[in-house]
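Notes for the one structure printed next.
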Amino acid sequence: MKELILEMEEYAKAKNVPIMQKDGIAFLMKYIKANNIKNVLEIGSAIGYSAILMASSSPEVKVTTIEKDEVNYMECLKNVKKCGFDEKVSVVFQDALELNLAEGTEYDLIFIDAAKGQYKKFFEKYKYFLAPHGVIITDNLKFHGYVGKKDTIESKNLRQLVGKIEAYIDFLNTNEEFETKFYDIGDGISISARKANE
Ligand code: SAH
Ligand code: MG
């Protein structure tokens, strides 16, 4: 297991796959353990690094992870098999914006870590599959330090993407249904929980 994780870190570095930073994934694993999380939905598997580590954080955790890129999906499946997690991690090969989950499916934790420009869409679509006391966790809210410094970015595409992340942060901050806390860990993480009914 340890060796596989190291292998995955090296693969990600060599192929430029944006897997979670070490302190970010450590934070997530601790959160899962401390809050007795059992069912996790991840949007954006890449090679399965965060899915496998989340699944390893306690014996009862199960992770469903969605990936739309075929190369990453195949690599993810391979890694899940290698560590014997076939029962703990199910990998779905589809665009998360097109997937229809069965009605009544509920997750204690939904982890958004796919296309950064579509975070709001993922949030709006998947909040209906969040258990009543569940949380939605989002990664990369600092986007390598670019968030909040849009005016200094030369590339138009990058500026637009950062603009979308900033708009997502606004969306979370002004959300009537969810209360969000932001953490300066890894590349920036948020935890959104439903507000208590008044
Ligand atoms: N969670 C992973 C990293 C994910 S990187 C880890 O930390 O180990 C983001 C991944 O999201 C990429 O593999 C990309 O192909 C995938 N992705 C982007 N948009 C998607 C979508 N709409 N549906 C499913 N996967 C998507
Ligand atoms: Mg990420």
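Position 172 (the sequence shown) corresponds to 176 in this note's numbering; numbering is contiguous. From the three backbone atoms N, C-alpha and C, an ideal C-beta is built for every residue, glycine too. Everything numeric in this text was worked out from a predicted model, so none of it was measured.
### Query
Is the number of C-beta pairs between the segment 98 to 109 and the segment 160 to 175 that are closer than 8 angstroms three or more?
The segment 98 to 109 makes no contact with the segment 160 to 175: fewer than 3 CB pairs, one atom from each, lie closer than 8 angstroms.
### Query
Measuring CA to CA, which of LEU165, THR178, ILE23, GLY52 is closest to ASP90?
Ranking the options by Cα distance to ASP90, first place goes to GLY52.
### Query
Hey, how far is the Cα of ILE157 from the Cα of GLU64?
Distance between the alpha carbons of ILE157 and GLU64 is about 44 angstroms.
### Query
Quick one: what's got a C-beta closer than 6 angstroms to LEU81's C-beta in the same chain, skipping five residues either side?
Cβ neighbours of LEU81 beyond the five flanking positions: VAL95.
### Task
For ALA16, I'd like the list of residues in its chain whose CB is within less than 8 angstroms of its CB, leaving aside the five on either flank, ordered along the chain.
PRO22, ILE23, ALA50, ILE51, TYR53, listed in sequence order.
### Task
With distances taken Cα to Cα, identify the nearest neighbour of LEU266 among LYS131, ASN76, THR184.
A query on residue 266 cannot be resolved here, the shown segment of the chain reaching from 5 to 202 and no further.
### Query
Are at least three pairs of beta-carbons, each pair with one atom in the segment 22 to 40 and one in the segment 54 to 62, less than 8 angstroms apart?
Yes: the two stretches touch, three or more of their Cβ pairs being nearer than 8 angstroms.
### Query
Should GLY278 be labelled buried (16 or more other beta-carbon atoms within 10 Å of its own) or exposed?
An answer regarding residue 278 cannot be provided, because it is not within the stretch 5 to 202 covered by the chain.
### Query
Can you give the beta carbon distance from ILE140 to PHE127, rounded, assuming they're within the 8 angstroms contact cut?
ILE140 to PHE127, Cβ: 6 angstroms. Contact.
### Task
Would you give the residue range spanned by the beta strand (DSSP E) that GLU71 belongs to?
Note, GLU71: beta strand (DSSP E), 66 to 71.
### Message
Starting from THR166, trace the beta strand (DSSP E) in both directions and tell me its first and last residue.
### Response
Here residue 166 turns out to be Val, not Thr, going by the sequence shown. No beta strand (DSSP E) contains VAL166, which is instead part of the alpha helix (DSSP H) from 160 to 177.
### Message
Am I right that SER194 and LEU165 are in contact with their C-beta atoms under 8 angstroms? What's the rounded C-beta distance?
### Response
SER194 to LEU165, Cβ: 17 angstroms. No contact.
### Task
Evaluate TYR77 with the Cβ neighbour count: other Cβ atoms within 10 Å of its Cβ, from every protein chain shown; 16 or more gives buried, anything less gives exposed.
Looking at its Cβ environment, which holds 16 or more other Cβ atoms inside 10 Å, TYR77 is buried.
### Strand pairing of LYS26, partner residues [DSSP]
LYS26 is not bridged to any residue.
### Query
Can you list, in chain order, every residue whose CB sits closer than 5 angstroms to a heavy atom of the ligand MG?
Cβ-based neighbours of the ligand MG within the cut-off: ASP117, ASP143, ASN144.
### Message
Contact defined as beta carbons within less than 8 angstroms: I believe ASP143 pairs with ASP191. What is the distance between those atoms, to the nearest angstrom?
### Response
Contact flag correct, Cβ pair sits at about 6 angstroms.
### Query
Buried or exposed: GLN40, going by 16 or more other Cβ atoms within 10 Å of its Cβ?
It should be noted that the sequence gives Asn, not Gln, for residue 40. ASN40 is exposed by the Cβ-count criterion.
### Query
Taking the Cβ atom as the reference point for each residue, do ILE114 and LYS86 lie within a distance shorter than 9 angstroms?
Cβ atoms of ILE114 and LYS86: not closer than 9 angstroms.
### For LYS92 and VAL75, believed in contact at Cβ under 8 angstroms, the rounded distance
Contact between VAL75 and LYS92 is absent: CB atoms are separated by about 23 angstroms, not below the 8 angstroms threshold.
### Message
On the CB-based measure, 16 or more other CB atoms within 10 Å of its CB, does ASN201 come out buried or exposed?
### Response
When all chains shown are included, ASN201 counts as exposed.
#### Entry: ILE9 versus SER61: straight-line alpha-carbon distance, rounded
Taken atom to atom, the span from the alpha-carbon of ILE9 to that of SER61 is near 14 angstroms.
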